[in-house]
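Take the sequence shown: its letter number 174 is residue 174 in UniProt numbering, and every next letter is one higher.
Glycine included, C-beta positions come from ideal geometry on N, C-alpha and C.
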Amino acid sequence: MSGIDRLGWRKKFGVIAPSTNTIVQPEFDMMRVPGVTSHYGRIFIPDGRIATDEGMENLLVQIRANMDDCVRSLMTMQPDYMVMGMSAETFWDGVEGNRQFVKQIQDLTGGLGVATGAEACERALKLYGAKKIAVVTPYTPLGDANVRKFFTELGFEVGAIKGLCVNSAVEIAQVTEQQLREALQEVDGDDIDAIVQCGTNLCMTELADEAERWLGKPVIAINAATWWMALRENGIEDKLHGYGSLLRDH
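This is the structure in structure tokens:
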């Protein structure tokens, strides 16, 4: 039997997420549009301690070790497109690191398109015409350095980066709204054109929508940007309200 998926009649997305992540799936689900379904593969993360640079490096080692099994499992439901539900790996080692990561996924999937948080933020910032940006992350200084490297290589001037140095991958989801508000205000300035939030396990999409109103500039939540890229790459132009200007106006 062949035909069209009853619920994913427009597109079926395969989403790659760490086993420790509890935010990206519900946030993507909030931004669902008719006929597009998301199907999750989980990368096994037995040790989620990330409070040190060594912990961040170890997290990346675990992701790389278990990526192939996750993708192979996802391919059994025959996805149309792949979406990255994690962001640190997509920024690591700058622009070339992102390209190599995308190539790895495409090699494993037979050439499927891939939305990564890093590339989604690049596209969004260029769309907004941003020159100087600020960034909020849950990472240690090592993670922040890789984020700075990525954006700097693309030609953006990177101002302040606020890394929250969260103790574990699971605890990223426990960062409060107040902590995020304070972080946004800390990195903002009159010379900042846009603020980017990295870390798919930070609960940020709805707060970013609100923050754009009181900061008066684009606030790009990584999950909203990645979802936007996935939809638009597949010709899906539905506009969504409540998750930032990117999905609402572009």
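- Burial of residue 195 is indicated by the presence of at least 16 other C-beta atoms within 10 angstroms of its C-beta.
- Residue 10 is a Cβ neighbour of residue 36, given a cutoff of 7 Å.
- In this structure, 18 is the residue among 30, 72, 18 with its C-alpha nearest to the C-alpha of residue 48.
- Remark: C-beta atoms of residue 113 and residue 132 do not approach each other more closely than 7 Å.
- One alpha carbon belongs to residue 80, the other to residue 190, and they sit about 42 Å apart.
- Nearest C-alpha to residue 243 among 192, 176, 206: 206.
- Using a Cβ distance threshold of 7 Å, residue 83 and residue 108 do not count as a contacting pair.
- With distances taken between CA atoms, residue 52 lies nearest to 166 out of 119, 75, 166, 238.
- Counting C-beta atoms within 10 angstroms of its own C-beta, residue 162 has 16 or more neighbours from the protein chains shown and is therefore classed as buried.
- Closest by C-alpha distance to residue 59, out of 68, 118, 20, 220, is 20.
- Your pair residue 197 and residue 220 checks out as a contact, with CB atoms roughly 7 Å apart and the cut at 8 Å.
- For residue 218, the closest alpha carbon among the candidates 144, 106, 246, 75 is that of 246.
- For residue 79, no beta strand (DSSP E) run applies, since DSSP gives it neither H nor E.
- Cβ contact annotation for residue 25 (same chain, cutoff 8 Å, sequence separation greater than five): 15, 17, 38, 40, 85, in chain order.
- With respect to the C-alpha of residue 93, the residue from 121, 138, 143 having the closest C-alpha is 143.
- Nearest to residue 152 by alpha-carbon distance, out of 91, 241, 179, is 91.
- Taken in chain order, the whole beta strand (DSSP E) runs of length 3 or more contained in the segment 3 to 76 are 11 to 18, 36 to 43.
- The DSSP-derived three-state label of residue 97 is helix.
- Collapsing the DSSP output to three states places residue 169 in coil.
- Rounded to the nearest whole angstrom, the CA to CA distance from residue 211 to residue 3 is 43 Å.
- Counting along the chain, no beta strand (DSSP E) covers residue 192, and no H or E run does either.
- Under the criterion of beta carbons closer than 8 Å, residue 200 and residue 50 do not qualify as touching, at roughly 13 Å.
- DSSP places residue 222 in the helix class (H, G or I) of the three-state scheme.
- For residue 149, the CB contacts under 6 Å within the same chain, skipping 5 residues up- and downstream, are 94 in chain order.
- Residue 204 counts as buried, since at least 16 other C-beta atoms from the protein chains shown sit within 10 angstroms of its C-beta.
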